[in-house]
Structure formats: C-alpha cells, structure tokens
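Trainee:
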Amino acid sequence: MIALKVKDTWLDFSPKTSVSISIQSPLFDLERIGRVFSYPFTLPATPANLQVLEHANRLDAGRRLRKYPAELYLSGNLFESGQVVVTTANNKDISLVFQNNPIATLQRLSNFKMQELDMQVTVPGAEYFPSLYLRVLEPGLTALNLYIDINGTEYWRPVGERPQIVNDINADYPGLAALIEDSEDEFSISIDTSATSPLEITLEPEGVAREYFELFINDFTEENDYRDAWQAHIQGILDDPDNHAFPVVTAGALLNNNNDNYPGIVNAHKTDGDYYLNDPETILETYSAIPMPFLKYVVETALGAAGINNITGDFLSDDDVQKLIVFNNRTVDQLQHPTDFFTDLTPEDTGVPAWNAWQAVYNLALHLPDLTIQEFLFKLASIFPIVYRISGSNMMINKIATILSSPPEDYTWQAEPGYSLDMNEYDGYILDYDRSGSETTQPGQLERVTSGEDGEDLASFISEFYTLYHSKRIYNRAHLVPYFEDGGVSNVYNVQEDIPSALLFYHGQQADANGFLYPYASHHNYNQAGSRIGEYSLDWQGADGLYEKWWKEYINLIVNGKEITRILHLPAHALLDLKNNPFRRIKIYGAQGAMVGYLKGLRFKSSIQGVALTEATIVIV
45 MIALKVKDTW LDFSPKTSVS ISIQSPLFDL ERIGRVFSYP FTLPATPANL
95 QVLEHANRLD AGRRLRKYPA ELYLSGNLFE SGQVVVTTAN NKDISLVFQN
145 NPIATLQRLS NFKMQELDMQ VTVPGAEYFP SLYLRVLEPG LTALNLYIDI
195 NGTEYWRPVG ERPQIVNDIN ADYPGLAALI EDSEDEFSIS IDTSATSPLE
245 ITLEPEGVAR EYFELFINDF TEENDYRDAW QAHIQGILDD PDNHAFPVVT
295 AGALLNNNND NYPGIVNAHK TDGDYYLNDP ETILETYSAI PMPFLKYVVE
345 TALGAAGINN ITGDFLSDDD VQKLIVFNNR TVDQLQHPTD FFTDLTPEDT
395 GVPAWNAWQA VYNLALHLPD LTIQEFLFKL ASIFPIVYRI SGSNMMINKI
445 ATILSSPPED YTWQAEPGYS LDMNEYDGYI LDYDRSGSET TQPGQLERVT
495 SGEDGEDLAS FISEFYTLYH SKRIYNRAHL VPYFEDGGVS NVYNVQEDIP
545 SALLFYHGQQ ADANGFLYPY ASHHNYNQAG SRIGEYSLDW QGADGLYEKW
595 WKEYINLIVN GKEITRILHL PAHALLDLKN NPFRRIKIYG AQGAMVGYLK
645 GLRFKSSIQG VALTEATIVI V
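Numbering follows our numbering, in which position 421 of the sequence shown is assigned residue number 465; successive positions increment by one, without gaps.
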C-alpha cells in the first residue's frame, strides 16, 4: 500500500492510483553523489486534498506551482522524505510530483564554490604595519605649505608650523604622526600605519611640491618581529600539523620564469633545517610560502558549508587518506608599497621599491581549485573508487573495496527460478590520469594501467585529479620532491594561472640525503632513504599502486560482470531496508549452484492495494 502525507494529513488516493519506484545502487552510479527521484501522482480533487493543497484548482488561487514538505509511505513504513510539487489541477484531478530530499542538498553542492569557503588561518603577531616617513627638504622656504588629507579630513599649516600640524593630526588619530630629524635642511614626519585603519592619505594638490619631499620606509624592528611571528607559526605547523602543511615542492615555473635566479623550490629550507623567511641575502625562492590543506579538512569544511554536518563511512578514516593534501601553486605573499596608503602617488612618483610580505591572515579556500563542491567530489571519486550517499544532513563516503568484500546475503527464498542474462559490452579497461598537460608524460612514473589496445571498446576510468612527478634536485642538498612544471600564482609578479587539481601525501618531516629534516610531500609511499612510509601510492601501476590497492576488483566487476534480471518477492519492509542500504552482495541457489553477485537496481510498482513483484538487476562475475 502506498500513501502520501502532507502537512501531517494523509492525501486521498483513487483506487487506480499507482506509482513505479526504482532503487539504484550507487556502486554502479559513481558519476552521481545522490540520486534525485521524482514520482508523479494523479490524485482526485476531493475536499480533503483541496484543503491540504490550498485549493490549487481555483482560478483565484494565485501562484499555481506549489511545494509542500511531504512523506512517502509503503505499507505503513516511511519510505522517503521530500516534497510534493503541484503541477496542474482542475475540478476533477490534481497532478503532483513527489521529489526526495537530496535535491536541495545537491543544489547547494552544485552552486557553492570551493574558493568561497571560510578556511581562514591567522598568524599571531604577523600584522605588519610599516612606519612611513615623509621627508621635507629645504624647510627654510617660507612659501611652502604642508597639506595632508587623512581619511577625508584636511590638515594644513605653513612649513614653519610643522609641530602644530603633527599635533592637529594626533588630536584626531592619537599616535599617528611624529616630527623627527628636524633641522634647517630637512625634517621628517613619520606615519605609524598601525594607529588607525583604514588609512588613506593624500598629499596633493595644495601641499609641498614633489621636488621638495621624499617618501621612505625605515623600520627593521617591525620586520624582524613580523618574520619571527611567521617563523613560530610555521614551526608550530611542522611540529603538529592540523588542517594544512607547508611541504617542500619543486615548482620550476612557479613565478613564470620572471627571475633567472629562481630554481623553484617553494617552502624552502636552509641546510640546518630552518625555513627561509624574508632574508635579504637569499634568493627569491625564499619569499614563497604555499600552504596546502589536508583533504579531510577540505571535504569536511565543504560539506559543512552545504548543510551536511555528519560524515560517515570508511574513506576519510583511512590512515593514508588522512595524509593527503591538496596541492596548489598560490603563494601567501603579497606586494606592498607606501602607495597602499598614499592614494595620490604611484610607485614611480616615490622611487621607493615595493616590499614582499606574507599575509597575517590567509584563507586556505583560495588555495583550492576553482571548482564547485560537487565538481571537487566528482574528481575525488575519479582517483579513488568511492561512493557517496546522502540522507538528510548526513553523507556516507565509503570505499568500494569494502563493499565488494562484504559477505553475501541469501535471497534464494525470495527469488523466482527464471532469469534473463545480458552480456557485457567491454573488451577491457583503461585506468589513467587526464593527460591534458605535459606534467604526466615522464616515462616510468604515473603510467596508465590498461588491459586492451587502442580501438577496442574499453571501460574508461580517467581521473582529472592528476598527481606530480618526483624530481631529485641538487641545490644545497639533495631534495627528492614533487615537481610541477606549470606556472603559478604570485602577487609579487601578478602571475595569474589556474590552481591545479592535484593530491599529494604529506609524510611529515623526513630526512634528506644529509640527514636534515624537511616537510616531505610525495605521490608515493617511500621516502628518500627507500623506507616504506605508506600503504599505497598515487601511481596507477606497481604492487602499491592504485590499481592493485583500490581499483582491481571494481574494474573486474564492471568489465567482466554479467547482468542478470530476476523477479523477487519482497515485502515493503525489505524494500525499505534495501533502499536505506543498497550496497548488497547477494546469492541465490539454483539447479546449477549458487549465483553470487551485487545488486544494481530494483524496480517495482506500488498502489493502494500493495506492492507488486520486484524486478531486480544483479551483476555477477
């Protein structure tokens, strides 16, 4: 028996009302995160139905398309929660569609961009407020006037009254200005940028002509404090990484080859194990820091933003999955200049070079690919065979390997003896990364796994999450680090390129050839000394590759499986159980022995009289 409840009221059905219902196993539906089902109903326009549906058949009913929270029942068992959408109505019938709940969650997943997430990280003590100095030359020229506009308020005095203009400014902004180096030849007014925020200063058009002033910066104490704050921040992450890491990565074109001296090691270390941090004696690579968030943190944050607050399943709890980080090529540095505060000046006006600063607050979301949450999850499922299942505000993420290894359940007594058999269409398979870039052409690494030849009908499993090569670089010491050939994103050089979609294992601090520790990121499960430090690699090939460890049994099922259709006698409570947990390995005994396979789908019809026989599709190998 089928029934619909809207606003705590059962809708009236006619004796002829029925609906066809399908249950699909996500095991054979990897390109979906959650299936949206729509079941059409035609109900009689009874007084009870019209009252619940707000007399949708009336000409003055206003907006015709109406949605109501609803529940679908089978034989008294809650089968699905969702909504009904009234499509048409007249004086005899009301047509509506029942939609299950995942539709709203899926819309959020498909609309929410990963880079819109709130994943901010604060570096305590790294707020960098430079002190700026306005030096006025030849102050004895009595015709000169001082004019400064600060945040829209004008301050001006003759040059001989310079102490008074400093007092005027400090009366409104305590501690902002100070008079220093006052002599007959020159004087300077210092501007402490930490005194107020925002700070916008205009010197022209009525003030000292530009040939009579200079602008400069001179506060090394502030820079030292800033560097020390970042040093402590990175050391804390090295000692106890939480949601992101700063691994060593070779990126030959990170700054798009704008500097010939840039060998391309981001998150660089000295030979004593310390980080380079804004040391003017070192080369430009020392100014590049790239945070790489852990995959588990990214997935949990993204799903939370979409309203999914409970994640179950065995994928994210896998020890090596918890080591995965999302590679990116976006540095945390930014280019700063006094003209950030002096609005009417350009860098060319001042002759003051810009300086490079790491941000005191950085958002890890900006270090993720420009994808929606749904696109990101799809890409993840293309490198690891996993299935997603949504139920309300819960999501299950499971390894397919776990599902395939489950013990079979006996369905012999529910099955009729007859069956039909559909043969498979594939000649073999291919398992590969997306080969759209030159980063995946190096022989001996990341080679695809295939059982067929070009031109054959192959089941294709192509991951758009590519990974990186290893490259041994002799620079100060032997780094064995991932290598990335494409350009990057750095505010220093205003290089704007897409953030790649790539994963790496972060293996923590490992020793280099000289015995120094450095944060080691890798696409495989061995360190530089040859020790095995993980259960599997991100290569396709090899005994520890993804084919052997993750894909082999599933590919065998898809490529060599045969589809069997059988009729099952299943009561409503059994259908509900299968709907809630469709990952079933079943066996049915017959004259030729046991048939063992995996449930692919169920189709049945239900009416007010009850549930009809169920047509089941089972894949056997």
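Using N, Cα and C, we set each Cβ at its ideal position, and we do this for glycine too.
Would you mind stating whether Pro451 and Ser545 have Cβ atoms separated by less than 8 angstroms?
Mentor: Not in contact: Pro451 and Ser545 (Cβ atoms no closer than 8 angstroms).
Trainee: From the DSSP secondary-structure annotation, give me the bridge partner or partners of Lys423.
Mentor: BP columns for Lys423 are empty, so no partner.
Trainee: May I ask you to report which of helix, strand or coil DSSP gives Tyr117?
Mentor: Note: Tyr117 maps to strand in three-state DSSP.
Trainee: My assumption, with CB atoms under 8 angstroms, is that Tyr598 sits in contact with Asp588. Please give the rounded CB distance.
Mentor: With a Cβ gap of about 17 angstroms, Tyr598 and Asp588 do not count as contacting.
Trainee: What beta strand (DSSP E) runs, 3 residues minimum, are completely inside the region 360 to 384?
Mentor: Entirely contained in the region 360 to 384, the beta strand (DSSP E) runs reaching 3 residues are, in chain order, 368 to 371 and 377 to 380.
Trainee: Short check: CB of Ile664 to CB of Leu547, under 8 angstroms?
Mentor: Cβ atoms of Ile664 and Leu547: not closer than 8 angstroms.
Trainee: Find the nearest neighbour of Tyr406 within the set Ser437, Gln159 and Ala635, judged by alpha-carbon distance.
Mentor: Ranking Ser437, Gln159 and Ala635 by Cα distance to Tyr406 puts Gln159 first.
Trainee: Answer yes or no: do Leu87 and Thr53 have a C-beta to C-beta separation smaller than 8 angstroms?
Mentor: No. Outside cutoff.
Trainee: In the DSSP assignment, the beta strand (DSSP E) including Asp588 goes from what residue to what residue?
Mentor: Where Asp588 is concerned, there is no enclosing beta strand (DSSP E), given that its DSSP letter is neither H nor E.
Trainee: How many Å lie between Phe338 and Gly574 at the Cα?
Mentor: Their backbone Cα atoms lie some 24 angstroms apart in a straight line.
Trainee: How many angstroms separate the CA atom of Ile430 from the CA atom of Asp269?
Mentor: In a straight line, the C-alpha of Ile430 is about 47 angstroms away from that of Asp269.
Trainee: Quick test of your reading: Gly120 and Asn144, contact by CB under 8 angstroms. State the CB separation rounded to the nearest angstrom.
Mentor: Contact doesn't hold; Cβ gap of about 19 angstroms is too wide.
Trainee: Who are the Cβ neighbours of Pro324 in its own chain at under 7 angstroms, not counting the five residues just before and after it?
Mentor: Note on Pro324: pLDDT 45, under 50, position unreliable in the model; no value is reported.
Trainee: According to DSSP, which residues form a beta bridge with Pro202?
Mentor: Paired residue(s): Asn189.
Trainee: Rounded to whole angstroms, what's the CA-CA distance from Ile67 to Gly605? Just pull it up for me.
Mentor: Near 20 angstroms, if we compare the C-alpha coordinates of Gly605 and Ile67.
Trainee: Could you compute how far the alpha carbon of Gly586 sits from the alpha carbon of Glu171?
Mentor: Distance between the alpha carbons of Gly586 and Glu171: 48 angstroms.
Trainee: Roughly how many angstroms lie between the CA atoms of Phe264 and Ala239, to the nearest whole one?
Mentor: With a pLDDT of 49 at Phe264, under the threshold of 50, the modelled position of that residue is not reliable, and the figure given next carries that caveat. Going by the C-alpha atoms only, they are around 18 angstroms apart.
Trainee: Put Val342 into one of helix, strand or coil per three-state DSSP.
Mentor: Correct three-state label for Val342: helix.
Trainee: In this structure, does DSSP put Phe142 in helix, strand or coil?
Mentor: If DSSP states are grouped into helix, strand and coil, Phe142 belongs with the strands.
Trainee: Does the ligand ADP have even one heavy atom less than 7 angstroms from the beta-carbon of Leu408?
Mentor: Here there are no bound small molecules, and the ligand ADP is not part of this structure.
Trainee: Ile543 and Arg374 - do their beta-carbons sit closer together than 8 angstroms?
Mentor: Yes.
Trainee: My output table needs one value for Gln95: the three-state DSSP class, helix, strand or coil.
Mentor: Helix, per DSSP.
Trainee: For Gly645, I'd like the list of residues in its chain whose CB is within less than 6 angstroms of its CB, leaving aside the five on either flank, ordered along the chain.
Mentor: The residues are Gln68 and Thr661.
Trainee: Please report the straight-line C-alpha distance between Asn372 and Thr345, rounded to a whole angstrom.
Mentor: Cα to Cα, the separation comes out at about 18 angstroms.
Trainee: Shortest alpha-carbon distance to Pro59 belongs to which of Phe85, Thr446 and Ala565?
Mentor: The option with the nearest alpha carbon to Pro59 is Phe85.
Trainee: Spell out the partners DSSP gives Leu646 in its beta bridges.
Mentor: Answer by DSSP bridge pairing, in chain order: Ile67 and Ala660.
Trainee: Using only the alpha-carbon positions, how far apart do Arg206 and Ser175 sit?
Mentor: Those two C-alpha atoms are separated by around 19 angstroms.
Trainee: By Cβ distance, which residues of its chain are closer than 8 angstroms to Pro242, with the 5 residues on each side in sequence left out?
Mentor: Excluding positions up to five away in sequence, the list reads Asn195.
Trainee: Identify, in the order they occur along the chain, each residue of the same chain with its Cβ nearer than 7 angstroms to the Cβ of Asn353, setting aside the five sequence neighbours on each side.
Mentor: Ser437.
Trainee: Do the CB positions of Asp583 and Gln489 come within less than 8 angstroms of each other?
Mentor: In contact: Asp583 and Gln489 (Cβ atoms closer than 8 angstroms).
Trainee: Over what stretch of residues does the alpha helix (DSSP H) that includes Tyr598 continue unbroken?
Mentor: Per DSSP, Tyr598 belongs to the alpha helix (DSSP H) from Lys596 to Asn604.
Trainee: Counting beta carbon pairs with one atom in the region 555 to 574 and one in the region 287 to 296, are three or more of them shorter than 8 angstroms?
Mentor: Enough Cβ pairs lie closer than 8 angstroms, so yes.
Trainee: Tell me the rounded alpha-carbon separation between Ile77 and Gly219.
Mentor: Ile77 and Gly219: Cα-Cα distance of roughly 57 angstroms.
Trainee: Nearest-angstrom Cα distance between Leu614 and Asn155?
Mentor: The straight-line gap from Cα to Cα measures roughly 39 angstroms.
Trainee: Taking just the CA atoms, how far does Arg492 sit from Ile506?
Mentor: Cα to Cα, the separation comes out at about 9 angstroms.
Trainee: Based on Cα-Cα distance, which residue from Asn571, Gln458, Asn468 and Ala638 lies nearest to Glu659?
Mentor: Of Asn571, Gln458, Asn468 and Ala638, the residue nearest in Cα terms is Gln458.
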